[in-house]
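Read in order, the letters of the sequence shown correspond to residues 6 to 367 in my numbering.
Note that beta-carbon positions come from the ideal geometry of N, C-alpha and C, so glycine has one too.
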Amino acid sequence: MVYRIYNFNPGPATLPLPVLEQVQKELLDFRGSGMSILETSHRSKEFEEIVEDAENQLLELLKVSGDYRVLFLQGGASLQFAMVPLNYLSTETSADYILTGSFATKAFEEARKIAPVNIAASTQEDNYSRIPRQEEIELNPSSVYVHLTSNNTIYGTQWKYIPDCGKIPLVADMSSDILSREVEMDRFSLVYAGAQKNLGPAGVTTVIIKKDILERANENLPAMLSYKVHAKANSLYNTPPTFAIYILRLVLQWVKEKGGLRGVESINREKSALLYRAIDESGGFYRGHAARNDRSMMNVTFRLPDDNLEKDFVEGAAKEGLVGLKGHRSVGGIRASIYNAMSLEGCKALSQFMKDYCKRKG
Ligand SMILES: *Cc1c(COP(=O)(O)O)cnc(C)c1O
Numbered sequence: 006m007v008y009r010i011y012n013f014n015p016g017p018a019t020l021p022l023p024v025l026e027q028v029q030k031e032l033l034d035f036r037g038s039g040m041s042i043l044e045t046s047h048r049s050k051e052f053e054e055i056v057e058d059a060e061n062q063l064l065e066l067l068k069v070s071g072d073y074r075v076l077f078l079q080g081g082a083s084l085q086f087a088m089v090p091l092n093y094l095s096t097e098t099s100a101d102y103i104l105t106g107s108f109a110t111k112a113f114e115e116a117r118k119i120a121p122v123n124i125a126a127s128t129q130e131d132n133y134s135r136i137p138r139q140e141e142i143e144l145n146p147s148s149v150y151v152h153l154t155s156n157n158t159i160y161g162t163q164w165k166y167i168p169d170c171g172k173i174p175l176v177a178d179m180s181s182d183i184l185s186r187e188v189e190m191d192r193f194s195l196v197y198a199g200a201q202k203n204l205g206p207a208g209v210t211t212v213i214i215k216k217d218i219l220e221r222a223n224e225n226l227p228a229m230l231s232y233k234v235h236a237k238a239n240s241l242y243n244t245p246p247t248f249a250i251y252i253l254r255l256v257l258q259w260v261k262e263k264g265g266l267r268g269v270e271s272i273n274r275e276k277s278a279l280l281y282r283a284i285d286e287s288g289g290f291y292r293g294h295a296a297r298n299d300r301s302m303m304n305v306t307f308r309l310p311d312d313n314l315e316k317d318f319v320e321g322a323a324k325e326g327l328v329g330l331k332g333h334r335s336v337g338g339i340r341a342s343i344y345n346a347m348s349l350e351g352c353k354a355l356s357q358f359m360k361d362y363c364k365r366k367g
């Protein structure tokens, strides 16, 4: 048996073992071609088929085949913070941003360099421990789009409803919860996600975009920043991150085998419930950061009574093969990132460790 620990890192994150095994198996000779996929031309028939199949599979999982396109880009979600406003705004138009954490704020700051954008709601005053309620969101009727971050990776909060934005197109950064639950995809005009949390390895970013919105994208942009250019070239305008796209496609297949979004959602519910129960039943020893109703199924954040215990907890867990649990510096404490590829067994092991640790030190 190969040595594998439980990896709770926030991203790049753990990948499904069957996917890694398949990558290993066909690494030297990709499907009888006598070369590695790493060495294969992005203009080859083999690779074109991979891109096409990845696009179709992703749309199928999201149940939106005909009306959307998928782009496989580089630059991470962070480049999308700039590409969205570059493609849709000008100095005369504006968009609404909902600030629910660090990445949402970064997206807003990038857009602000391009256009006079508004803050439609913010939960900064509560240290981003919650998601705003519909009635707290103040939309500007002339906004070109509304931007939200579906899961706040650092703070451990997640939207449980899709806000009503009237006729204004909704744009979402789903980097840390894409394909983790069933979603009414047709409520979103544009969704983007870096792959390194729920979709595959670092290096590729997916953009899922409604065709009518794609048509409205700005022309006259540098080619690499233009959605239209990438869409027209089927994500092969220049050399794409071929290896990352190849692995992403294997991850999509794995999600399908798990029962699609319904299947993974039910496992993700069970996984996160185990950890939140360990927090809630600790008699106050563990304190969750997120408001109960807004708790993330992907990133579970909590504090211990003091910094020394938190450090000791992280070290003790690592000794038992539970790694990557140190929280982000802006929240402190512990963060367990439990994306799709983290197994139920991994969450059971962590939950057991939490209970034992509380009994010993609480
Ligand atoms: C990780 C993350 C990002 C940053 O992604 P990069 O691919 O590193 O640019 C942006 N938004 C969210 C919600 C994230 O979790």
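For residue i, the nearest candidate out of the options (CA to CA)
i      : options                           : result
Thr306 : Leu204, Gly321, Arg282 and Ile142 : Arg282
Phe318 : Arg340, Glu51, Cys352 and Phe52   : Arg340
His152 : Asp101, Ala346 and Gly199         : Asp101
Ala322 : Asp361, Ile343, Met302 and Asp285 : Asp361
His47  : Ile272, Cys170 and Pro246         : Pro246
Ala346 : Pro90, His333 and Ala18           : Ala18
Gly37  : Glu51, Leu25, Glu26 and Val24     : Glu51
Tyr344 : Gly367, Ile272, Glu286 and Lys331 : Ile272
Phe358 : Ser348, Lys324 and Gly332         : Lys324
Gln79  : Glu315, Ala249 and Asp311         : Ala249
Met302 : Asp285, Ile213, Asn156 and Met190 : Asn156
Phe86  : Gly367, Leu280 and Tyr197         : Tyr197
Gln258 : Glu44, Pro23 and Leu219           : Pro23
Ser134 : Ser180, Gly326 and Asp299         : Asp299
Leu63  : Gly326, Met190, Pro206 and Asn313 : Met190
Gly329 : Phe13, Val7 and Arg9              : Phe13
Asn243 : Leu76, Lys263, Ile173 and Pro310  : Leu76
Glu115 : Ile103, Leu91, Asp131 and Ser147  : Leu91
Range of the contiguous alpha helix (DSSP H) that encloses residue i
i      : result
Tyr232 : Tyr232 to Lys237
Thr247 : Thr247 to Glu262
Arg282 : Gly265 to Asp285
Asp101 : Per DSSP, Asp101 belongs to no alpha helix (DSSP H); it is in the beta strand (DSSP E), Asp101 to Leu104.
Tyr93  : Gly81 to Tyr93
Asn361 : Checking the sequence, you will find Asp at residue 361 rather than Asn. Note, Asp361: alpha helix (DSSP H), Leu349 to Lys366.
Thr110 : Ser107 to Arg117
Ala59  : Lys50 to Leu66
Extent of the continuous beta strand (DSSP E) run through residue i
i      : result
Ser127 : Asn123 to Ser127
Tyr197 : Leu195 to Gly199
Thr306 : Asn304 to Arg308
Ala341 : Ile339 to Ser342
Ile214 : Thr210 to Lys215
Val75  : Tyr73 to Leu78
Val24  : First-last for Val24: Leu22 to Lys30, but that is the alpha helix (DSSP H), not the beta strand (DSSP E).
Asp312 : Taken as a continuous stretch (DSSP letters only), Asp312 belongs to no beta strand (DSSP E), being part of the alpha helix (DSSP H) at Asp312 to Lys324.
Leu144 : That residue, Leu144, is in no beta strand (DSSP E); it is neither H nor E in DSSP.
Leu175 : Leu175 to Asp178
Thr154 : Val151 to Thr154
Anticipated Cβ contact below 8 Å, residue i with residue j, distance rounded
i      : j      : result
His294 : Val260 : At roughly 28 Å, the Cβ-Cβ gap does not stay under 8 Å, so His294 and Val260 are not in contact.
Val149 : Thr98  : 5 Å
Gly106 : Ile167 : Incorrect: roughly 18 Å between the Cβ atoms, too far for contact.
Ser194 : Lys215 : 5 Å
Arg308 : Arg292 : 5 Å
Ala120 : Leu94  : 4 Å
Thr210 : Leu84  : 7 Å
Closer than 8 Å to chain C by CB, residue i
i      : result
Glu270 : Looking at the structure shown, chain C is missing, and only one protein chain is on hand.
The region 266 to 280 touching the region 351 to 365, judged by at least three CB pairs closer than 8 Å: yes
Tell me whether the region 183 to 201 and the region 256 to 267 touch, counting them as touching only if at least three CB pairs, one residue from each stretch, are closer than 8 Å. yes
Pair every Cβ in the region 197 to 205 with every Cβ in the region 224 to 242, then say whether three or more of these pairs are closer than 8 Å. no
Is the region 58 to 70 close to the region 252 to 259, with three or more CB pairs under 8 Å? yes
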